[in-house]
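Protein chains in written order, with our numbering: chain A, 25 to 328; chain B, 3 to 255.
In this text, a Cβ means the ideal position worked out from N, Cα and C, and glycines have one as well.
As the structure is a computational prediction, the values presented were derived from the model and not from experiment.
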Amino acid sequence: MDIYLPIAGLSVNALVIVALGGLVGILSGMFGVGGGFLTTPLLIFYGIPPAVAVASSATQITGASVSGVFAHMQRKGVDFHMGGVLVAGGAAGSVAGGFIFRALQRSGQIDTVVALLYVFLLGGIGMLMAKEAVTSVYAVRRGRPAPGGPRRHHPLVASLPGRWRFYRSGLYISPVAPLLLGFFTGLLTVLLGVGGGFVLVPAMIYLLGMSTKVVVGTSLFQILFVTAATTMVHALTTHAVDIVLAVLLLIGSVSGAQIGARFANKVKPEYLRLFLAVIVLFVAFRVGLGLTWRPDDIYTVQVL
Amino acid sequence: MKRAALALCLLSPLLLAQSVPRLVPDVSQRRIDIVYSFTGAELLLFGAILYPGGRVPTRDADIAIVIKGPAEPIVLREKQKVAGMWINADSARFRSVPSFYAVAASRPLATLVDDRTAAIYEFGVDNIQLSPASGKVPAEQRRLERGLVDLKRRQGLYVEEKTRVRITEGVLYRARIQLPARVPVGVYTAETFLLVDGRVVAGATREIAIEKTGFERYVAAAAADRGFLYGLFAVVVSLVLGWAGAVLFRRLR
Numbered sequence: 025m026d027i028y029l030p031i032a033g034l035s036v037n038a039l040v041i042v043a044l045g046g047l048v049g050i051l052s053g054m055f056g057v058g059g060g061f062l063t064t065p066l067l068i069f070y071g072i073p074p075a076v077a078v079a080s081s082a083t084q085i086t087g088a089s090v091s092g093v094f095a096h097m098q099r100k101g102v103d104f105h106m107g108g109v110l111v112a113g114g115a116a117g118s119v120a121g122g123f124i125f126r127a128l129q130r131s132g133q134i135d136t137v138v139a140l141l142y143v144f145l146l147g148g149i150g151m152l153m154a155k156e157a158v159t160s161v162y163a164v165r166r167g168r169p170a171p172g173g174p175r176r177h178h179p180l181v182a183s184l185p186g187r188w189r190f191y192r193s194g195l196y197i198s199p200v201a202p203l204l205l206g207f208f209t210g211l212l213t214v215l216l217g218v219g220g221g222f223v224l225v226p227a228m229i230y231l232l233g234m235s236t237k238v239v240v241g242t243s244l245f246q247i248l249f250v251t252a253a254t255t256m257v258h259a260l261t262t263h264a265v266d267i268v269l270a271v272l273l274l275i276g277s278v279s280g281a282q283i284g285a286r287f288a289n290k291v292k293p294e295y296l297r298l299f300l301a302v303i304v305l306f307v308a309f310r311v312g313l314g315l316t317w318r319p320d321d322i323y324t325v326q327v328l
Numbered sequence: 003m004k005r006a007a008l009a010l011c012l013l014s015p016l017l018l019a020q021s022v023p024r025l026v027p028d029v030s031q032r033r034i035d036i037v038y039s040f041t042g043a044e045l046l047l048f049g050a051i052l053y054p055g056g057r058v059p060t061r062d063a064d065i066a067i068v069i070k071g072p073a074e075p076i077v078l079r080e081k082q083k084v085a086g087m088w089i090n091a092d093s094a095r096f097r098s099v100p101s102f103y104a105v106a107a108s109r110p111l112a113t114l115v116d117d118r119t120a121a122i123y124e125f126g127v128d129n130i131q132l133s134p135a136s137g138k139v140p141a142e143q144r145r146l147e148r149g150l151v152d153l154k155r156r157q158g159l160y161v162e163e164k165t166r167v168r169i170t171e172g173v174l175y176r177a178r179i180q181l182p183a184r185v186p187v188g189v190y191t192a193e194t195f196l197l198v199d200g201r202v203v204a205g206a207t208r209e210i211a212i213e214k215t216g217f218e219r220y221v222a223a224a225a226a227d228r229g230f231l232y233g234l235f236a237v238v239v240s241l242v243l244g245w246a247g248a249v250l251f252r253r254l255r
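Okay, structure coming up:
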């Protein structure tokens with residue numbers, strides 16, 4: 025079933041795109057991650073122009089995270105105060121990212137920068153996740169729970185000026201820390217088409233020392249608004265948001281998330297995290313390989 | 003006297019027209035609409051050769067057809083291995099690169115015309131005039147041009163003699179040319195040439211408009227001209243669809 029993507033300017037098999045969205049949806053339902061880190065590289069492998077893949081993936085994540093935000097809100101799992109600061113930083117980050125994206129596009133280095141960011145971010149975080157998951161799998165096997173370290177924010181965070189109280193997060197820290205964190209994930213959203221949850225969640229836990237009860241809800245809250253802001257940034261600067269592509273992905277991912285969520289209840293969380301770490305490392309490895317292999321197309325054309 | 007000679011020179015093509023054949027070309031579609039299910043199109047190019055006095059010469063004439071898409075200025079980037087990675091390291095500008103090019107002839111072009119004629123009439127993908135605008139040294143320029151043509155060929159946008167022009171009874175000709183799914187939009191020209199003894203004796207041009215229509219055109223125009231509203235609409239669609247999907251699945255359970 026071929027369908028023409030009006031912005032990408034080519035025909036794709038609609039079923040393949042829906043299936044791709046479904047696969048990402050299953051993973052996001054299982055692990056509670058947005059899955060943007062999978063969507064963008066897969067779309068690029070499929071032949072969608074990188075700018076269109078990045079922009080439309082961000083649009084899709086907005087829709088994929090909306091129901092999660094509502095669910096966490098009902099359970100009082102969203103710290104709006106913290107979320108507001110993160111969103112403010114994220115919005116600024118996505119606007120700044122828009123300028124960086126344009127500059128990189130003009131100099132022809134956007135693809136390389138995107139690939140390198142993928143390799144280093146996913147590689148680094150995948151390794152940390154794998155280490156953590158292996159430790160807890162061993163701990164579970166030996167029959168005692170993983171050693172839960174004392175929850176404290178990082179010393180660097182404590183040295184920042186000014187302090188605000190974030191009640192639901194159980195924190196009394198400088199707002200500069202979440203503002204910077206939001207800014208950084210906003211940059212990533214624009215450049216890579218990811219929600220940034222895989223950076224945000226560990227940073228909230230290990231850097232800010234937030235209460236784990238509100239981490240996922242608050243990160244989803246931030247992702248919802250920042251991906252929406254990113255869609256606007258791309259719509260205004262690169263004009264690369266393909267609404268047909270985003271809708272196809274969304275149809276797949278909303279359905280897939282339901283399947284994934286049911287599957288997640290049947291598997292031990294330690295193994296689930298290990299599995300996610302393996303997928304993240306595999307994507308990083310594959311993107312890295314793509315950089316070092318001789319590409320099929322040495323030449324690329326950019327219309328002025 | 004001089005003036006009379008000049009006038010005669012200027013008029014000579016017209017005078018000759020009395021004795022040379024004329025082409026009456028046409029195409030199956032003057033307009034191709036790109037809609038949601040567009041997967042490419044097949045163009046049928048056909049026409050008649052009108053010989054003066056209706057006499058068909060005993061010696062066979064040949065037909066060559068060149069279809070060109072709208073020319074666009076581009077930057078071509080070349081990846082090279084730098085520190086173990088393939089990154090864009092060299093680039094060149096070209097002022098007018100046809101976005102699509104296809105050529106078909108009634109006999110293999112190599113046996114039909116000499117190199118000079120082929121270069122003048124842009125017969126063959128290696129003869130397309132790309133108007134380089136970077137001031138590279140010739141060797142480097144050639145390498146980049148070859149890379150560009152090779153890329154376009156593999157994308158199916160430059161097609162060389164994939165089909166033959168058929169000539170019936172020396173007067174009617176037709177050729178089929180495939181347009182791939184990712185053809186760029188714009189006004190295309192189909193040039194038909196009549197060749198006798200390796201020389202072009204007549205030529206005629208028809209235009210074909212390829213356009214996005216309906217929904218596709220609306221979306222493309224909105225994304226280009228009304229970025230803010232388009233972005234807002236995309237966000238709202240995404241939110242509504244995501245929310246509705248979740249509600250639907252909860253009902254189903």
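(request) Give the secondary structure of Val164 (chain A) by DSSP, where H, G and I count as helix, E and B as strand, and everything else as coil. (result) helix
(message) If the criterion is Cβ atoms closer than 8 Å, does the pair Ile67 (chain B) and Leu196 (chain B) meet it?
(response) no
(request) Check distances from the C-beta atoms of the segment 184–214 of chain B to those of chain A and list, in chain order, the residues that come in under 8 Å. (result) Arg184, Pro186, Lys214
(message) Going by beta-carbon coordinates alone, are Ile36 (chain B) and Glu218 (chain B) separated by less than 8 Å?
(response) yes
(request) In angstroms with no decimal places, state the Cα-to-Cα distance between Leu12 (chain B) and Leu269 (chain A). (result) Any answer about Leu12 (chain B) is weak, because its pLDDT of 49 lies below 50 and its placement is not dependable; what the coordinates show is given next. Approximately 57 Å between the Cα atoms of the pair.
(message) Three or more C-beta pairs under 8 Å: does that hold for the segment 297–312 of chain A against the segment 88–103 of chain A?
(response) no
(request) With distances taken Cα to Cα, identify the nearest neighbour of Gln82 (chain B) among A:Arg318, A:Thr242, A:Glu156. (result) A:Arg318
(message) At the level of alpha carbons, what is the spacing between Leu5 (chain A) and Arg97 (chain B)?
(response) The question about residue 5 (chain A) has no answer, for chain A in this structure spans 25 to 328.
(request) Alpha carbon to alpha carbon, how far is Val242 (chain B) from Phe94 (chain A)? Give it in angstroms, no decimals. (result) 13 Å
(message) Given this structure, state the Cα-to-Cα distance separating Leu10 (chain B) from Asp62 (chain B), to the nearest angstrom.
(response) Model confidence at Leu10 (chain B) stands at a pLDDT of 48, short of 50, so the residue's coordinates are unreliable; what they give is reported in the following sentence. So the two alpha carbons sit approximately 31 Å from each other.
(message) Here's a check: name, in chain order, each residue in its chain whose Cβ is nearer than 7 Å to the Cβ of Ser133 (chain B), leaving out the five neighbours to either side.
(response) Phe96, Arg97, Ser98
(request) For Leu17 (chain B), I'd like the list of residues in its chain whose CB is within less than 7 Å of its CB, leaving aside the five on either flank, ordered along the chain. (result) Residue placement at Leu17 (chain B) is poorly supported in this model, since its pLDDT is 48, which falls under 50; the coordinates still yield a value, given next. Excluding residues within five positions, none has a Cβ falling inside 7 Å.
(request) Would you mind giving the Cβ-Cβ distance between Gly43 (chain B) and Leu159 (chain B), rounded to the nearest angstrom? I have them listed as a contact below 8 Å. (result) The sequence given here places Ala at residue 43 (chain B); Gly does not occur at that position. 14 Å between Cβ atoms; not a contact.
(request) Quickly, what does DSSP pair Thr207 (chain B) with across the bridge? List them, please. (result) B:Glu193
(message) Let me confirm a value: Met25 (chain A) is counted as buried when at least 16 other C-beta atoms fall within 10 Å, else exposed. Which label applies?
(response) exposed
(request) Please confirm if the segment 108–124 of chain A is in contact with the segment 238–250 of chain A, defined as three or more CB-CB distances below 8 Å between the two stretches. (result) yes
(request) Have a look at A:Gly150, A:Asn289, A:Val36 and flag the residue whose alpha-carbon is nearest the alpha-carbon of Leu13 (chain A). (result) A question about residue 13 (chain A) goes unanswered here, because the residues of chain A that appear run from 25 up to 328.
(request) Using three-state DSSP, classify Val158 (chain A) as helix, strand or coil. (result) helix
(request) Using beta-carbon positions only, say whether Gly45 (chain A) and Leu274 (chain A) come within less than 8 Å of one another. (result) yes
(message) Can you pull the chain B neighbours of Thr324 (chain A), defined as C-beta to C-beta under 8 Å?
(response) Leu78, Arg79, Lys81, Asn90, Leu153
(request) In the DSSP assignment, find the unbroken alpha helix (DSSP H) run with Lys154 (chain B) in it and report its ends. (result) 140–156
(message) I want to see whether chain A comes within less than 8 Å of Glu124 (chain B), judged by CB atoms only; does it?
(response) no
(message) Please report the straight-line C-alpha distance between Met3 (chain B) and Leu114 (chain B), rounded to a whole angstrom.
(response) For Met3 (chain B), the pLDDT reaches just 48, beneath the cut-off of 50, and the residue's location in the model is therefore unreliable, leaving the point undetermined.
(message) Going by DSSP in three states, Asn90 (chain B) sits in which element: helix, strand or coil?
(response) strand
(request) Report all residues from its chain with a CB closer than 8 Å to the CB of Val161 (chain A); omit the five preceding and five following residues, and keep chain order. (result) Glu294, Tyr295, Leu298
(message) Can you tell me whether Trp317 (chain A) is helix, strand or coil according to DSSP?
(response) coil
(request) Note down, in chain order, every chain B residue with its Cβ under 8 Å from the Cβ of Leu145 (chain A). (result) Simply none; closest approach about 17 Å.
(request) Identify, in the order they occur along the chain, each residue of the same chain with its Cβ nearer than 8 Å to the Cβ of Leu62 (chain A), setting aside the five sequence neighbours on each side. (result) Leu47, Val48, Leu51, Ile303, Val307
(request) Can you pull the chain A residues whose beta carbon is under 9 Å from the beta carbon of Pro75 (chain B), in chain order? (result) Val327, Leu328
(message) Tell me which residues of the segment 247–260 of chain A have at least one Cβ-Cβ distance to chain B shorter than 7 Å, keeping chain order.
(response) Ala252, Thr255, Met256, Ala259, Leu260
(request) Count the other C-beta atoms from every protein chain shown that fall within 10 angstroms of the C-beta of Tyr323 (chain A), then say buried if there are 16 or more, exposed otherwise. (result) buried
(message) Let's test the definition: count the other Cβ atoms within 10 Å of the Cβ of Arg192 (chain A) and tell me whether it reaches 16, buried, or not, exposed.
(response) buried
(request) Following the continuous alpha helix (DSSP H) through Ala77 (chain A), name the residue where it begins and the one where it ends. (result) 74–98
(request) Sort A:Pro65, A:His105, A:Gly60 by Cα distance to Thr242 (chain A) and report the nearest one. (result) A:His105
(message) Let me confirm a value: Ala19 (chain B) is counted as buried when at least 16 other C-beta atoms fall within 10 Å, else exposed. Which label applies?
(response) Note that Ala19 (chain B) has pLDDT 48, beneath the 50 cutoff, so the model's placement of it is unreliable and no number is given.
(message) Give me the residue from B:Val77, B:Val189, B:Arg252, B:Glu142 with the minimum Cα distance to Gly71 (chain B).
(response) B:Val189
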